[in-house]
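This report refers to the structure that appears directly beneath it.
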Amino acid sequence: MAKTVILSTARTPIGKLSGGLSSLPATELGGIAIRGALERAGVTPEEIEHVVMGQVLQGGAGQIPSRQAQIAAGIPIGVSSETVNKVCASGMRAVAIADLHIRAGEVDVAIGGGMESMSQAPHALPGSRNGFRMGPAELIDLMQYDGLTNAFTGKQMYVEATEVGDELNIGREELDEFAARSHERALAAQANGNLPHEIVPVTVPGRKGDTIVEVDEGPREGTTPETLSKLRGLVKDGTHTAGNSPSVNDGAAALVLASEDWAKKNGKQILGEIVGHAQVADDFPYLAKTPAAAALKALDRAGLKVEDIDLWEFNEAFSSVGLNSMNVLGLTPENVNVNGGAVALGHPLGMSGARIIGSLVLELGRRGGGLGVAAICSGGGQGDAIIVRVGG
């Protein structure tokens, strides 16, 4: 079986809702990330054999968004493509699927990644196709309906995060401390070049000329546990607030993957190796439990233990997700989300899983190598994890 290696990773900055990237569709952002990853890998568009991209909010995006992103990146029309929707885990699952294609010997070089424009998610008018006889009709927000609401319970994610966080005895003070650390680390990583190293600038056309967006818009100076403690709960008297939860955002990330044999034969620099991955499912609301469960399953399959892992990346769908993952695995903050996470940076749904893989690989490289795990929860009670090795 072929071994899959990572040749490069690239992402756009993460824009706020209605922010600097809001005028660009997800597919264009995806194309920019793919093109950036290709350039960094020294791989031509013609060498790519398959493209897998995650996107959650596909309403109004047009047919097969991954193929649109592929074409925007200059990858030839004869290259196949597939789009993944696994809610927040879409980008990670896209990378895993690309890995499986390579391991199976179906392709030698592939793209895996994710993209989202939450700013461009449309509203819909259910029932309008057949007409309304009497009474008012209600628009629904597809960003909330398709991305942020539990399809089985009808509850919004923040409501269930609060309920499950209370059940797991995760308090407001812990949540605010976790969130403040996310901002502190993201700001430090912006200043020391770690986050800029991940990013490809985006040129945004405008009536008054082009604007270059090259910095994540989310991290906030002066975010402390004290300032966060003053915010009201998203649920009355609840522990989760806008400050210790991620925002809704726009962005894209992509990785170039290849078989190790192809990479060596063609003289490509290898950033890291995909060791393995796993998926789990739990009861619908229990997002906080699934990243650690997926990580443990992936480690068991690979014959590894928690103690073998040098760095961890958990998608901060809520601060409670990161905290519970650390608690279950017995981790301390020193090697978890060392450059900040989604609470500070933002959470473009389809992008985040791919982003944390890329961030993990680059940070392991800066530290001289090692093993890392990236893990993410997803709506509907699922979780994914992926193990990477850099060096050695």
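So for the sequence shown, the numbering used here puts the first residue at 235; every next one is plus one. The C-beta atom is built at its ideal place from N, Cα and C for all residues, glycine as well.
Note the first and the last residue of the continuous alpha helix (DSSP H) segment covering residue i.
| i | result |
| --- | --- |
| Val321 | Taken as a continuous stretch (DSSP letters only), Val321 belongs to no alpha helix (DSSP H), as it is neither H nor E. |
| Ala608 | Where Ala608 is concerned, there is no enclosing alpha helix (DSSP H), although the beta strand (DSSP E) it sits in stretches over 604-612. |
| Thr458 | Unbroken run through Thr458: none, as it is neither H nor E. |
| Leu373 | Here Leu373 belongs to no alpha helix (DSSP H), and DSSP marks it neither H nor E. |
Which of the three DSSP states, helix, strand or coil, is assigned to residue i?
| i | result |
| --- | --- |
| Gln289 | coil |
| Lys250 | strand |
| Leu572 | Checking the displayed sequence, the identity of residue 572 turns out to be Val instead of Leu. It is coil, neither helix nor strand. |
| Gln297 | coil |
| Ile266 | helix |
| Ile620 | strand |
| His474 | coil |
| Glu394 | helix |
| His581 | coil |
| Ser554 | helix |
| Gly348 | strand |
| Leu596 | helix |
| Phe518 | coil |
| Glu407 | helix |
| Asp400 | helix |
| Ala307 | coil |
| Leu545 | strand |
| Gln378 | helix |
| Ala358 | strand |
| Gln503 | coil |
| Ala336 | For clarity, residue 336 is Ile in the given sequence; the question names Ala instead. Correct three-state label for Ile336: helix. |
| Glu283 | coil |
Below 8 Å between beta carbons: does that hold for residue i and residue j?
| i | j | result |
| --- | --- | --- |
| Val236 | Ala271 | The question names Val, but residue 236 in the sequence shown is Ala. Cβ distance not < 8 Å, so Ala236 and Ala271 don't count as in contact. |
| Gly506 | Leu409 | no |
| Val607 | Ala529 | yes |
| Leu521 | Ala588 | no |
| Met585 | Ala487 | yes |
| Asn222 | Ser553 | Not covered by the structure: residue 222. The range shown for the chain is 235 to 626. |
| Ala578 | Pro453 | yes |
| Gly617 | Val321 | no |
| Asn558 | Ala423 | no |
| Leu241 | Lys498 | no |
| Leu291 | Ala355 | yes |
| Val329 | Ile620 | yes |
| Gly660 | Glu432 | Past the edges of the chain, shown from 235 to 626, lies residue 660, and the structure says nothing about it. |
| Leu255 | Val434 | no |
| Met349 | Thr445 | no |
| Gly485 | Pro259 | no |
| Leu533 | Lys539 | yes |
| Ala526 | Val562 | yes |
| Val239 | Ile504 | yes |
| Asp517 | Thr524 | no |
| Ile266 | Gly347 | no |
Starting from the C-beta of residue i, find all residues in its chain whose C-beta is less than 6 Å away, skip the five residues before and the five after it, and write them out in chain order.
| i | result |
| --- | --- |
| Thr457 | Ala414, His417 |
| Met391 | Leu382 |
| Phe366 | none |
| Gln513 | Asp618 |
| Asn549 | Ala576, Ser586, Ile590, Ile610 |
| Gly253 | Glu451 |
| Pro459 | Asp410, Glu411, Ala414 |
| Ser315 | Val285, Ser300, Arg301, Gln304 |
| Glu180 | Since the first and last residues shown for the chain are 235 and 626, residue 180 lies out of range. |
Grab me the residues of residue i's own chain with a C-beta within less than 7 Å of its C-beta, minus the 5 sequence neighbours each way, in chain order.
| i | result |
| --- | --- |
| Leu637 | Nothing can be reported for residue 637: it is not among the residues displayed for the chain, which extend from 235 to 626. |
| Ile374 | His357, Ala358, Pro360 |
| Gly294 | Pro356 |
| Ser593 | Glu432, Glu547, Asn573 |
| Trp496 | Asp342, Val343 |
| Leu376 | Leu291, Gly293, Ala355, Pro356, His357, Ala358 |
| Gly296 | Gln302 |
Between residue i and residue j, which are expected to be in contact by the criterion C-beta below 8 Å, what is the C-beta distance as a whole number of angstroms?
| i | j | result |
| --- | --- | --- |
| Val398 | Pro519 | 6 Å |
| Ile305 | Ile311 | 7 Å |
| Ile345 | Val285 | 4 Å |
| Glu283 | Val341 | 4 Å |
| Ser709 | Ala303 | This structure leaves residue 709 out entirely; the chain is present only between 235 and 626. |
| Ile543 | Val622 | About 10 Å; that fails the 8 Å criterion. |
| Leu491 | Ala332 | 5 Å |
| Asn319 | Gly339 | Going by Cβ atoms, the distance from Asn319 to Gly339 rounds to 27 Å, so no, they are not a contact pair. |
First and last residue of the beta strand (DSSP E) that includes residue i?
| i | result |
| --- | --- |
| Arg245 | 238-245 |
| Asp484 | 483-493 |
| Thr524 | Run containing Thr524: none in the beta strand (DSSP E); it sits in the alpha helix (DSSP H), 524-536. |
| Thr445 | 445-447 |
| Val436 | 436-438 |
Is residue i near the ligand ADP, in the sense that its beta carbon is under 7 Å from a heavy atom of that ligand?
| i | result |
| --- | --- |
| Ile309 | This structure simply doesn't include the ligand ADP, nor any ligand for that matter. |
Give every residue of the same chain whose Cβ lies closer than 8 Å to the Cβ of residue i, excluding the five residues on either side of it in the sequence, and list them in chain order.
| i | result |
| --- | --- |
| Ala395 | His474, Ser479, Leu521, Ala522, Ala551, Phe552, Ser554, Val555 |
| Gly405 | Thr473 |
| Gly440 | Ser257 |
| Leu468 | Tyr392, Val393, Thr396, His474, Thr475, Ala476, Ser479 |
| Gly626 | Gly603, Gly604 |
Using beta carbons (cut-off 8 Å, strictly below), is residue i in contact with chain D?
| i | result |
| --- | --- |
| Gly265 | Among the chains in the structure shown there is no chain D, since it carries only a single protein chain. |
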